[in-house]
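Notes for the one structure printed next.
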Amino acid sequence: MRGEWLTPLGSSATHEYYRSIQEKVIVWWREHQRQDLPWRQTLPRGSGDVSGEFAGEDHRTSATTPRYDPYRVWVSEVMSQQTRMETVIPYYIAWMKKFPSIRTLAASTEDEVKSVWAGMGYYRRAMNLRKGAQYLLEWSKERGETATPCMPSSQEELLKVPGIGPYTSAAIASMCFGESVCSVDGNVIRVLSRLRGERDFDPKVSANIKEATRWGQELMGNSPTTSAVICRDPSALNQGLMELGASVCRPGGVPLCISCPLEQFCCASALVRCGEIEAIEGIIPVRAAKMAKRSVREICVVHEMSADRACDARRFVIVRRPADGLLGGMLEFPTVSASAADDEEVAVHLVKHPLSVLTWKAKARPTGVRLCGTVRHIFSHISMDVEVVHVQWPAGTDGAALLKRVAEVVDDHCTGDYCKLCPTAARIFLMSEADLRQSAPSRLMLKVLQRISPMEVKRVRGSRAGTLAIQEGSDILSPQKKVSRRELGHL
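Residue numbers (this note's numbering): 65 to 555.
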């Protein structure tokens, strides 16, 4: 644990010192807050929550403190994680139109939730919102509040809701119920560490995040180790600290100290003025080493069941990813994972072998197989290269029989270190292109669909794309036949 909070002059922080910081942030926030964010619509005193009644009286806030809808704050905070604010706004509006209350969200299906969330990524956030709503529905019933589901008014109870962690619970408890708890995110950690002049402080270390939370509680006046009185407006203090960290004490570039209402209280600024450090940025807090993205290679096989190019006539073999893990529960084309260290012949064989099992001794055979190039998709921690293979089947192919073959491949040939097609055959089905585009597909899936279009294949054919004609009796698809990527590209 780091030492006590000191002023820029080296003296211990006093009751008046904490209060001055609180007031400076609250006044600044009220003057500079954004008014165009839809979740910041306040509720009149004595009114109920449009999404559900408040659990308990709002006795901890003053009569002049704005009161926010806890359901709206919850949704906005979850959406804002890993997503830019300007991107969040239209998604938030669409979400509230579809799921205006806890009850409507709890009654929704996974596909309905994914449909509204599609394109924003990190789909587990959406699933956790739905799980949380279902928990709150049961929680309210246990309390005898069956008419309108409500949300707990304390951070302690909010932490029991699936998907709600320390930051979100503190934001809801302070903004909606006036609880004196500090919601600490990266922006707030940066402000607090600079106020205290904490050198050698890595904001990514778990123990340091806990320490910063303790500092926030000290400033809020809700800590046994502080002389500060409890803040009169926890909501404004939390939102003000977050906004200061985002717009003034910025995550990138030189902090705008001249515009900061806390410059006179900032130990980091004082260290620059006296020459102990050359600059604030990158030093307080220390710039954490950027984690290298893990490289992943996958080979995706797109089975198209019709030669007809009309959108409603094209059908594809689709699988649903396992519920846990990357893109959990999302639809995808059958995909084989291959280590980046795999030999090229081995990687190609991972596709050719399952494809050969599908066609071995089958009545129908593909009219063609095309290597359509590579799609790159970037996740927060993964750089994924997906090599796309397009398999076209003639019109009239027995879809049920093909699915049965795919299921056999999944069960018999796609397990172990190399492959991960689909956990069970029950998750394999046919879907038209029109239905696929309306099923909230991931951006990665849309990229793959775009890559198999004739114009796109023609564009990349000069590099890594090619066409492989399947002749009756050909052994190209024999289980024992390994075809190198170079051979594929020139067929």
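C-beta atoms are modelled at their ideal positions from N, C-alpha and C, and glycine is treated no differently. Quantities reported herein were computed from a predicted structural model and do not represent experimental measurements.
The alpha helix (DSSP H) enclosing residue i, as first and last residue numbers
| i | result |
| --- | --- |
| Glu556 | Here the chain covers residues 65 to 555 and nothing more, so residue 556 does not appear. |
| Asp499 | Glu497 to Arg501 |
| Ser331 | Sequence inspection shows Cys at residue 331; the Ser mentioned does not correspond to that position. Start and end: Cys331 to Arg337. |
| Ile363 | Where Ile363 is concerned, there is no enclosing alpha helix (DSSP H), although the beta strand (DSSP E) it sits in stretches over Arg358 to Glu368. |
| Val277 | Before going further, note that residue 277 is Thr rather than Val in the sequence given. Ser270 to Met284 is the extent of the alpha helix (DSSP H) around Thr277. |
| Ile240 | The sequence shown places Cys at residue 240, not Ile. Segment Pro230 to Phe241, the alpha helix (DSSP H) holding Cys240. |
| Pro154 | Met149 to Lys162 |
| Arg556 | Outside the shown range of the chain, which is 65 to 555, sits residue 556, and nothing can be said about it. |
| Gly316 | No alpha helix (DSSP H) contains Gly316, which DSSP labels as neither H nor E. |
Residue i and residue j closer than 8 angstroms at C-beta
| i | j | result |
| --- | --- | --- |
| Ile348 | Glu275 | no |
| Tyr155 | Met143 | yes |
| Lys178 | Tyr187 | yes |
| Val255 | Cys313 | yes |
| Met495 | Phe380 | yes |
| Ser172 | Arg194 | yes |
| Lys354 | His445 | no |
| Val453 | Val512 | no |
| Ile90 | Asp249 | no |
| Ala334 | Pro72 | yes |
| Arg98 | Gln145 | no |
| Arg515 | Gly432 | no |
| Val350 | Phe265 | yes |
| Val318 | Glu342 | no |
| Ile574 | Leu500 | Since the displayed the chain opens at 65 and closes at 555, residue 574 lies outside it and no answer follows. |
| Gly196 | Val225 | yes |
| Glu497 | Arg378 | yes |
| Gly309 | Asn272 | no |
| Trp69 | Glu282 | yes |
| Tyr167 | Leu222 | The identity of residue 167 in the sequence shown is Arg, whereas the question assumes Tyr. In this structure, Leu222 does not lie closer than 8 angstroms to Arg167 by Cβ. |
| Glu368 | Gln502 | no |
| Met149 | Glu174 | no |
| Cys240 | Pro134 | yes |
| Val269 | His79 | no |
| Asp449 | Arg361 | yes |
| Ala170 | Gln198 | yes |
| Trp279 | Arg260 | yes |
| Pro102 | Ile153 | yes |
| Ala37 | Pro267 | Outside the displayed span of the chain (65 to 555) sits residue 37, for which this structure offers no information. |
| Ser359 | Ser447 | yes |
| Val365 | Pro398 | yes |
Residues that DSSP places opposite residue i in a beta bridge
| i | result |
| --- | --- |
| Gly432 | Gln456 |
| Thr106 | Tyr132 |
| Asp264 | Asp264 pairs with nothing; no bridge assigned. |
| Leu494 | Val381 |
| Leu510 | Looking at the DSSP assignment, Leu510 forms no beta bridge with any residue, so it has no partner. |
| Arg440 | Asp449 |
| Ser76 | Leu70 |
| Thr399 | Cys364 |
Endpoints, the beta strand (DSSP E) within which residue i is located
| i | result |
| --- | --- |
| Ile382 | Arg379 to Arg384 |
| Met506 | In the sequence as presented, Met is not what sits at residue 506; that position holds Ser. Here Ser506 belongs to no beta strand (DSSP E), and DSSP marks it neither H nor E. |
| Glu342 | That residue, Glu342, is in no beta strand (DSSP E); it is neither H nor E in DSSP. |
| message | I want to know whether the stretch 127 to 147 touches the stretch 155 to 174 - three or more CB-CB distances under 8 angstroms. | response | Three or more beta-carbon pairs separated by less than 8 angstroms link the stretch 127 to 147 to the stretch 155 to 174, which places the two stretches in contact.
| request: Assess, as a yes-or-no matter, whether the stretch 238 to 248 is touched by the stretch 317 to 329 under the definition of 3 or more beta carbon pairs within less than 8 angstroms. | output: The stretch 317 to 329 is not in contact with the stretch 238 to 248.
| query | When the Cβ atoms of the stretch 213 to 220 are set against those of the stretch 231 to 239, are three or more pairs found closer than 8 angstroms? | reply | The stretch 213 to 220 vs the stretch 231 to 239: in contact.
| task | Could you say if the stretch 381 to 397 and the stretch 502 to 515 meet the contact criterion of at least three C-beta pairs nearer than 8 angstroms? | result | These segments touch.
| task | Count the CB pairs spanning the stretch 89 to 102 and the stretch 294 to 308 that are closer than 8 angstroms, and state whether there are at least three. | result | Short answer: they touch.
| said: I'd like the ranges of any alpha helix (DSSP H) spanning at least 4 consecutive residues and lying wholly in the stretch 181 to 227. | reply: Fully enclosed alpha helix (DSSP H) runs of 4 or longer: 188 to 206 and 219 to 222.
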